[in-house]
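Per the numbering used here, the sequence shown runs over residues 25 to 464.
Backbone N, C-alpha and C define an ideal beta-carbon position, used for all residues, glycine too.
Scroll down for the structure; my scribbles are underneath it.
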Amino acid sequence: MPITTTPADFVAWFRSVAPYINSFRGKTFVIAFGGEMVEDGKFVALTHDFNLLAALGIRLVLVHGARPQIEQHLARKNLEDSYHQGIRLTDAETMQCVKEAVGRVRVEIEALLSMGLANSPMANADIRVAGGNFITAQPIGVINGVDLQHTGSVRKVDVAALNNRMNFGEVVLLSPLGYSPTGEVFNLTLEDVATATAIALDADKLVFLMDTDGVQDKKETLLRELTVNQAQAVLSATRTLPDDINLFLPCAIRACEAGVARTHLISRHTDGAVLQELFSDEGIGTMVVESTLNTLRDASIEDVGGILQLLRPLEEQGILVRRSRELLEREIERFVVLEHDHRIVGCAALYPFPDEAAAELACLAVDAQCRDRGYGEAILDHMADMAKSQKLKKLFVLTTRTAHWFLERGFKESDVTALPAQKKSLYNYQRKSKVFVRKI
Ligand code: ARG
């Protein structure tokens with residue numbers, strides 16, 4: 025994340041955010057957070073971030089929880105918290121506490137969303153909060169002989185009513201309650217309301233604020249991006265996962281499978297986590313998507329700008345030879361590009377020499393922000409396959425600075441004499457590139 029200390033940094037950072045601002049306008053995001061957010065006093069800062077999202081024209085549905093507040097109410101009335109297979113059993117007295125607690129949290133949230141203090145990020149904010157009977161619920165019923173009574177699940181979401189509110193520029197705030205056609209109230213979970221709503225609205229994003237930073241692998245490294253299949257593999261692995269992940273990752277899978285483009289699992293403890301996740305390429309937590317965001321494809325003339333941007337820093341460091349826009353335009357069909365999330369993050373070019381059954385792999389580059397993701401290998405393998413399909417037998421590279429990378433990937437050091445005749449005559453003796461060759 026760039027630290028905006030100098031005006032130039034600030035300008036560069038602000039510009040880098042423009043693509044997100046453009047693509048998020050008019051999109052629907054469902055953002056869910058537990059009652060802890062209000063309890064811990066962290067909600068004020070979150071309000072500022074919601075305000076910013078709303079100001080950018082994002083259609084917002086906020087879903088709040090009220091678990092700590094419900095527990096406090098129960099404790100005050102000396103009532104036992106009762107769970108059956110991880111689901112709260114809501115009897116009539118508990119339901120009373122749920123209504124009171126949810127009502128109280130809701131009022132606090134509405135109050136904070138109404139702030140408009142001068143000299144604060146909320147100056148000039150004019151958030152209208154909409155609430156209502158948008159969620160129809162049904163009882164969960166009897167599980168293994170235990171009647172869960174007023175505990176329910178979402179049966180229907182009133183999409184037309186929600187869209188009407190958002191068309192008027194209102195921010196919808198949903199509570200974890202639902203009503204039945206017989207006039208009953210049901211206690212719902214935050215994650216069920218958020219997931220069902222995101223699916224029903226065909227939302228572009230579903231965001232869960234959790235206690236943990238995101239999904240981690242066995243070595244506790246944050247997994248920044250998971251496809252639905254990878255997410256399922258995480259859940260079915262034998263290791264024990266934090267409660268949060270067990271709760272929210274299945275929701276992310278359910279949402280993505282039902283067409284919600286992206287689900288984000290991020291920490292509620294990091295100030296500005298929502299902004300960091302949404303307005304940066306690498307995000308801050310785990311993003312679950314239906315299928316991979318990477319595509320490796322032949323380059324076209326529209327890619328020249330993106331390739332130039334990728335190559336410039338490497339050319340400036342002397343790692344790659346300088347290529348002009350004209351040269352790239354002329355030779356664009358030699359290039360392949362690797363896109364991540366519609367941004368060019370890698371490229372390479374293949375120059376075949378059929379007479380010598382060889383090909384030069386040139387201009388292999390990967391964006392510095394995307395190191396250690398295996399992109400370089402993926403491009404190299406792709407180029408080797410391309411050369412193979414043209415019946416070529418060896419791949420060579422000329423490099424001054426990245427010899428080790430190629431040696432580690434099966435290339436052997438050679439010299440100028442190994443180059444095809446035509447290439448030999450063009451060899452730049454001043455640059456003193458080393459020649460590496462690999463059989464394919
Ligand atoms: N900012 C982008 C988005 O909101 C990408 C976020 C990537 N996040 C991640 N955890 N990998 O879609």
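- Nearest C-alpha to L431 among R462, V181, L172: R462.
- Inclusion of A372 and L416 in the CB contact set at 7 Å is not warranted, their separation being larger than that value.
- DSSP places N253 outside any beta strand (DSSP E); the residue lies instead in the alpha helix (DSSP H), whose first and last residues are 252–260.
- Here DSSP, grouped into helix, strand and coil, assigns L431 to helix.
- The continuous alpha helix (DSSP H) containing H72 extends over residues 67–79.
- By the CB criterion at 7 Å, F232 and Y44 fall outside the cutoff.
- Judged by pairs of C-beta atoms under 8 Å, the segment 344–362 touches the segment 321–329, as three or more such pairs exist.
- Looking only at E401, Q454, K447, the smallest Cα-Cα distance to G434 is reached by E401.
- With 16 or more neighbouring CB atoms inside 10 Å of its own CB, R278 falls in the buried class.
- R358 has its Cβ no nearer than 6 Å to any heavy atom of the ligand ARG.
- Secondary structure note for N270: its alpha helix (DSSP H) is the uninterrupted segment 267–281.
- The beta carbon of L246 sits closer than 8 Å to the beta carbons of D237, G238, V239, Q240, G309, T310 from its chain, once the five residues preceding and following it are set aside; these are given in chain order.
- Closest in C-alpha terms to I167, from the list T319, T175, T160, comes T175.
- The beta carbon of R189 sits no closer than 6 Å to any heavy atom of the ligand ARG.
- In the three-state DSSP reduction, E384 falls in the strand class (E or B).
- At the C-beta level, A222 and V178 stay beyond 7 Å of one another.
- In its chain, beyond the 5 residues on either side, V87, V217 have a beta carbon closer than 6 Å to the beta carbon of L198.
- Distances from the CB of R248 to the heavy atoms of the ligand ARG include at least one below 6 Å.
- N211 and A257 have their C-alpha atoms roughly 31 Å apart.
- Taking 6 Å as the cut-off, one finds no heavy atom of the ligand ARG near enough to the beta carbon of L77.
- In terms of Cβ geometry, M146 and N75 form a close pair [threshold 7 Å].
- As the crow flies, the alpha-carbon of R49 is around 33 Å from that of G398.
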